[in-house]
Structures are given as C-alpha cells and as structure tokens.
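The opening residue of the sequence shown carries number 310 in this note's numbering; numbering runs sequentially from there.
From the three backbone atoms N, C-alpha and C, an ideal C-beta is built for every residue, glycine too.
Right, one structure below, let's go through it.
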Amino acid sequence: MDELIDIVTKEGLPTGEKALKSVIHKEGHYHHTAHIWFYTKQGQILLQQRAASKTIHPLLWDVSVAGHIDAGETIKVGAIREIREEIGLLINETDLQKIGVFKCFQSYPNGIIDNEFHNTFIAELKVPLSALKCQPEEVEALKLVSLNDFLNLLKNSETNSHFVSTNKGYYLKIINAIKSQLQLSNFKI
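As structure tokens, this is what we get:
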C-alpha cells in the first residue's frame, strides 16, 4: 500500500511536507516508523518473519511489529494501528513503553533509500501466540523465542540467514531493554 507519510528533517523534526511512501523511499526523505517488540513474563520475545513478498529482507526474522507512521498520525496511534493490522492484536497506548528512537539510514540495491527513525517500544504479550492473526502481505509467520535462543541466533546472524544481520547492535539494545523490564539481573549478554 502506498500510504501518505510525513517528511521530517535529518534530526526527526516535522517539515510540514508529506509524500507517498514510494516517493519517500525513492528520494530518500527522512520519516518516522514504529517498532514494537512484544515479550512475555517468561522471558520470550515475539519475532515476525517478514513476508516473502517484501522488497527488503523477505523471509528474515525481525521485530514483532513495524510500520510507517501515516501523515497526521501520532507515533503511538500509528504503533497501535500497525499492531492491529499486522498481528490482529488490540492494545492500549498505555501498554507501550518507549525505549528510544533509533536512526536507520540505509540504501538498498533495488533503489530504495530508507531514511527512517525507528520509534521503538516494548510491550508485554498477554495473549497466547495462537490468538494472533498474521497479515499475509506483511507477515509470513510468528514465533516466540527465549532470550537465550535470540542471542544464540544473533551470534551467527552473518551466516545463518535468520535475522537482518546489519541490525545486530539494535537487537542487543532491545534484549537489554526487555531484560531490564523483566528484572533479569542474572541474564548475561
């Protein structure tokens, strides 16, 4: 879908301009996205396998839910919408705990210039995996992995074709935020 998105400055501030997502990615305009990482009280992280039809990193495992913020939308409203669309889960804004904004400025061989600010949240997953419904255009599959399994897969991400290998530092920050939220002082990275 070619939605209308607000353009921001290199510092992430509004410009008052907007453009279609296809134009933003073609011309490299800076824009906001929401990343939501779900975890369970048992120390598991919900991972999403990107749909086979995705133009960037198809079939790799990544953030639980992610998407662009539509023009005129607040970050949290966009996050809630993306969660509902991608995995069929309804949550409240108060369930989202913001852990930071991460710059991700990358260009891809297919011509996409992706200059995104990942507004990143964690939230507790309070329903079983079976209650989630994947949006086929975005999500191939979902799975829960323990923090240890996540780390083990991440150690070999350059060769195992499991995660987006360039995101390793970002993934470690997510693991630390979830570890802190769960107060797992004995868990070592």
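Asked	Found
If residue 459 sits next to residue 484, beta carbons under 8 Å apart, how far is it from one beta carbon to the other, in whole angstroms?	6 Å
With 16 other CB atoms within 10 Å as the buried threshold, where does residue 355 fall?	buried
Between which two residues does the alpha helix (DSSP H) holding residue 472 run?	Careful: residue 472 lies outside any alpha helix (DSSP H) and carries neither H nor E.
Of all the options 469, 472 and 345, which has the alpha carbon lying nearest to the alpha carbon of residue 398?	345
Whose C-beta lies closer than 6 Å to the C-beta of residue 462 among residues of the same chain, with five residues either side of it excluded?	471
Quick check on DSSP: helix, strand or coil for residue 403?	helix
When we look at the beta-carbon of residue 378 and count the other beta-carbons within 10 Å, is it buried (16 or more) or exposed?	buried
Can we say the stretch 413-428 touches the stretch 442-455, given the rule of at least three CB pairs closer than 8 Å?	no
Check whether the Cβ atoms of residue 391 and residue 343 sit closer than 9 Å, and answer yes or no.	yes
Just the C-alpha distance for residue 406 and residue 436, rounded to the nearest angstrom, thanks.	18 Å
Would you call residue 438 buried or exposed, if buried means 16 or more other Cβ atoms sit within 10 Å of its Cβ?	exposed
Using 10 angstroms around the beta-carbon of residue 476, count the other beta-carbons present and answer buried if the total reaches 16, otherwise exposed.	buried
Taking DSSP's pairing of strands, which residues face residue 351 in a bridge?	Looking at the DSSP assignment, residue 351 forms no beta bridge with any residue, so it has no partner.
So is the beta-carbon of residue 314 under 8 Å away from any non-hydrogen atom of the ligand GTP?	Of ligands this structure carries none, so the ligand GTP is not represented either.
Three-state secondary structure (DSSP) at residue 283?	The structure shown does not extend to residue 283, since the chain is modelled only from 310 through 498, so no value can be given for it.
Quick check: the Cα distance between residue 394 and residue 358, rounded to an integer number of angstroms?	15 Å
So residue 427 and residue 411 are supposed to be a Cβ contact under 8 Å. How far apart are they, rounded?	4 Å
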